[in-house]
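Trainee: Sharing a structure below in structure tokens format, with a few things to ask.
Protein chains: 2
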Amino acid sequence: MPTRGRLRLEAEAGCAWLERWMKSSLVAIEPNGHFCKECSIREFSVCASLDAAELREFEHLGRRVHFTAGETVFSEEDVTTSFCNLLEGVMRLYKLLPDGRRQILGFALPGDFLGMNVSGRHNFSADAIGAVTVCQFAKAAFGRFMEARPHLLRRINELAVRELSQARDHMVLLGRRSAEEKVATFLLGWREQLIPLNGPSNTVPLPMSRQDIADYLGLTIETVSRTFTRLERVGVIEIIHGGISLLDPARAEALAAA
Amino acid sequence: MPTRGRLRLEAEAGCAWLERWMKSSLVAIEPNGHFCKECSIREFSVCASLDAAELREFEHLGRRVHFTAGETVFSEEDVTTSFCNLLEGVMRLYKLLPDGRRQILGFALPGDFLGMNVSGRHNFSADAIGAVTVCQFAKAAFGRFMEARPHLLRRINELAVRELSQARDHMVLLGRRSAEEKVATFLLGWREQLIPLNGPSNTVPLPMSRQDIADYLGLTIETVSRTFTRLERVGVIEIIHGGISLLDPARAEALAAA
DNA sequence: CGGTACATTGAGAGATATCAACAGGCGTGG
DNA sequence: CCACGCCTGTTGATATCTCTCAATGTACCG
């Protein structure tokens, strides 16, 4: 058995997080019977702005919907009929060029709120990576609910502004960073994104494929793969099954060029 | 006199827009004495959401500030003490990497509202390209004014969402388009952006430098220049003084790859 | 155990960057 | 009014990074 393989299995053996990320797929719509106050993501998401009374009303607006790995939750030119709040799993948000080239705009995690737009149409597509549960709200009902609650609007605006800030950072990455800087920046950024969910850790699960990473970074799959290998060879990371282990965060930061 | 030079002068001779764009620089702060209802950009900007009574109050919050070509209006890590509404001129919005590489995030035009953020700090820098006038609001006062006016917040949110949409388009450009596609897309997009100000026209002023365009598109100045020349050689554009003339919009659209 | 999808690795090609020279426009100052 | 110098933009030659094409390896699943 080759060395890398052995190391991978050892790493895998000790990884509890694997189960959380790699579980695959149920399909169903839970018609009702969930409670906002028990919702695991309430404190992170838009709902954080609502008080107990509002939550009880809010409960009736949303319904949980499940998606399996690879399913499309909504598509770029779809008319927006509902907003949704990601409850469990990871999604890739992306746009396609007519010839099929894909740019992944970001990966959504539990607590992310999707669907805001101006044109009445989604302006990007969203797929489930692994099994996903969302809390879905009819657009009209949600709009009415929000109408009377400026604090909810403020919360949504806050999320939009935060997202804008991330988008700007990503533009810098796409336009001005080298492949190595892109990969290092991605690994550090993704680790950061996971902190609210898993706490800080140098073991970084990567539920998305290499192709997804490539399309996120504006690279090809081969360049991503080679860069991972190079980072491993110089001892900055270790490639483990379903993710990486960050062996030398300081070096990684240096390679990311801030 | 070389042919290109002659053509340029001929084109220039007929260009009234030149004066609007190429005028250079006054410096001053007008202490007061302007009126929102006479403001040329009122209908495009955040203020569009305010009624006559509100405008009269709003008037006292803002003051006009002038900047000359190349001046920095605010800087990336500055604490945000004020928001501003661009009244006249063009600004470049950008971020820098520690080693000086620059990514221009976009060009701001009259009507654009700048300064929303979450961290309390600007997360990008903004320079004047040519002379610029902004309507500046103290953050605290503006915040109080907005507090009681959800429609203003809604308007701001709408602008943020629109900006997000543009940011996403730009990520696709930066990550997945070739140099030629980038340049063609930029020219068409910029022409589009100018429509609310100048009306539709195939004469497209380019107040920003080639370096600015390069930093916007994630290219080098040389590549931008070569691409312009190539587009001119194949008859898609004509390079004129201070801008370009779009000779074959359909071909340009095709080259932009949607 | 074989098939399929995903990941890694290698060799070579190509697009864009880099380095360098030159040209043109504009303002300054004689 | 012209000469000079500076700044911006263009063009050319070469380098390099990343992509493309191709083969091999590895894990997962029936």
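Residue numbers (the working numbering), protein chains in the order written: chain A, 1 to 258; chain B, 1001 to 1258. Glycine included, C-beta positions come from ideal geometry on N, C-alpha and C.
When the distance is taken between beta carbons, is T185(A) closer than 7 Å to L173(A)?
Mentor: It is a contact, given that the beta carbons lie within the stated cut-off.
Trainee: Helix, strand or coil for P31(A), going by three-state DSSP, please let me know.
Mentor: Residue placement at P31(A) is flagged as unreliable, the pLDDT there being 49, under the threshold of 50; the coordinate-derived value follows with that caveat. Of the three classes helix, strand and coil, the one that applies to P31(A) here is coil, per DSSP.
Trainee: Got a sec: which bits of the stretch 103 to 129 of chain A sit with their beta carbon under 7 Å from any beta carbon on chain B, in order along the chain?
Mentor: Result list: Q103, L105, M116, N117, V118, N123, F124.
Trainee: Y216(A) bridges to which residues according to DSSP?
Mentor: Looking at the DSSP assignment, Y216(A) forms no beta bridge with any residue, so it has no partner.
Trainee: Which class does G199(A) belong to by DSSP, given the choice of helix, strand or coil?
Mentor: Correct three-state label for G199(A): coil.
Trainee: Less than 7 Å between the beta carbons of P1110(B) and L1087(B), yes or no?
Mentor: Yes, these two residues count as a Cβ contact at 7 Å.
Trainee: Taking all protein chains shown into account, do 16 or more other C-beta atoms lie within 10 angstroms of the C-beta of K37(A), making it buried, or fewer, making it exposed?
Mentor: Exposed.
Trainee: Does at least one heavy atom of the ligand NAP sit under 6 Å from the Cβ of K182(A)?
Mentor: The ligand NAP is absent from the structure shown, which contains no ligands of any kind.
Trainee: Residues of chain A with CB under 7 Å from G1218(B), in chain order?
Mentor: Those within 7 Å of G1218(B) in chain A are L174, G175, R176.
Trainee: What residues of chain A sit near E1158(B), judged by a beta carbon separation below 7 Å?
Mentor: Under the 7 Å cutoff, chain A gives V118.
Trainee: Check distances from the C-beta atoms of the stretch 1183 to 1194 of chain B to those of chain A and list, in chain order, the residues that come in under 8 Å.
Mentor: Listed by position, the residues of the stretch 1183 to 1194 of chain B near chain A (Cβ gap below 8 Å) amount to none.
Trainee: Assess, as a yes-or-no matter, whether the stretch 1075 to 1089 of chain B is touched by the stretch 1110 to 1129 of chain B under the definition of 3 or more beta carbon pairs within less than 8 Å.
Mentor: Touching, yes.
Trainee: Kindly list the residues whose CB is nearer than 8 Å to the CB of A1254(B), restricted to its own chain and excluding five residues on each side of it in sequence; keep chain order.
Mentor: Same-chain partners within the cutoff: there are none.
Trainee: Between A254(A) and chain B, is any beta-carbon pair separated by less than 7 Å?
Mentor: For A254(A), the answer is no, since every Cβ of chain B falls outside 7 Å of its Cβ.
Trainee: Where do the ends of the alpha helix (DSSP H) carrying I156(A) lie?
Mentor: 150 to 176 is the span of the alpha helix (DSSP H), which, as asked, contains I156(A).
Trainee: List, in order along the chain, the chain A residues whose C-beta lies closer than 8 Å to that of H1170(B)?
Mentor: The contacting residues are M171.
Trainee: Find the residues of chain A that neighbour R1101(B), judging by a C-beta separation of less than 7 Å, and give them in chain order.
Mentor: The answer, in chain order, is R176.
Trainee: Since I believe D127(A) is in contact with V73(A) (beta carbons under 8 Å), could you give me their beta-carbon distance rounded to a whole number of angstroms?
Mentor: 7 Å between Cβ atoms; contact.
Trainee: For the beta strand (DSSP E) holding I1041(B), just list the boundary residues, first then last.
Mentor: I1041(B) -> no beta strand (DSSP E), and no H or E assigned at all.
Trainee: Under 7 Å, CB to CB, which of the residues in the stretch 1129 to 1142 of chain B have a partner in chain A?
Mentor: For the stretch 1129 to 1142 of chain B, which is checked against every Cβ of chain A, not one residue is closer than 7 Å.
Trainee: Run through the DSSP bridge pairs and tell me what R1063(B) is partnered with.
Mentor: Partner(s): Q1136(B).
Trainee: By the three-class DSSP mapping on this structure, what secondary structure does S25(A) have?
Mentor: Per-residue confidence for S25(A) stands at a pLDDT of 38, beneath the threshold of 50, marking its modelled position as unreliable; no derived number is given.
Trainee: Given that R162(A) touches chain B, what residues does it touch there, using C-beta distances under 8 Å?
Mentor: Those within 8 Å of R162(A) in chain B are V1118.
Trainee: Which same chain residues, not among the five before or five after I1239(B), have their C-beta less than 7 Å away from its C-beta?
Mentor: For I1239(B), where only same-chain residues beyond five positions count, the Cβ hits under 7 Å are F1228, E1232.
Trainee: Does any C-beta atom of chain B lie closer than 7 Å to the C-beta of S165(A)?
Mentor: Chain B, which has a Cβ nearer than 7 Å to the Cβ of S165(A), makes this yes.
Trainee: Measure the beta-carbon distance from I156(A) to V46(A) and round it to whole angstroms, keeping in mind my assumption that it falls under 8 Å.
Mentor: About 6 Å; that satisfies the 8 Å criterion.
Trainee: From the DSSP output, in three-state form, read off V79(A) for me.
Mentor: In the structure shown, V79(A) sits in a strand (DSSP, three-state: E or B).
Trainee: Would you report the Cα separation of M1208(B) and L197(A), rounded to the nearest angstrom?
Mentor: Taking the straight line joining both Cα atoms gives about 44 Å.
Trainee: Grouping DSSP H, G and I as helix and E and B as strand, with all else coil, what is S1049(B)?
Mentor: Helix at S1049(B).
Trainee: Please classify A1053(B): is it buried, with 16 or more other beta-carbons within 10 angstroms of its beta-carbon, or exposed?
Mentor: Burial call: exposed.
Trainee: What residue range does the alpha helix (DSSP H) around L1231(B) cover?
Mentor: Start and end: 1221 to 1233.
Trainee: Whole angstroms are fine: how far does the CA of Y216(A) sit from the CA of A138(A)?
Mentor: Taking the straight line from one Cα to the other gives about 30 Å.
Trainee: Kindly list the residues whose CB is nearer than 8 Å to the CB of E181(A), restricted to its own chain and excluding five residues on each side of it in sequence; keep chain order.
Mentor: Answer for E181(A): L173, L255, A256, A257, listed in chain order.
Trainee: Kindly list the residues whose CB is nearer than 6 Å to the CB of N85(A), restricted to its own chain and excluding five residues on each side of it in sequence; keep chain order.
Mentor: Correct list, in chain order: S45, F113, C135.
Trainee: Suppose you measure from the CA of L1187(B) to the CA of S1201(B); what does that come to, to the nearest Å?
Mentor: Whole-angstrom Cα-Cα distance: 12 Å.
Trainee: Using C-beta distances below 6 Å, list every residue in its chain close to A1214(B), excluding the 5 sequence neighbours before and after it, in chain order.
Mentor: If we look at A1214(B) and ignore the five residues flanking it on each side, its Cβ neighbours are T1220, I1221, V1224.
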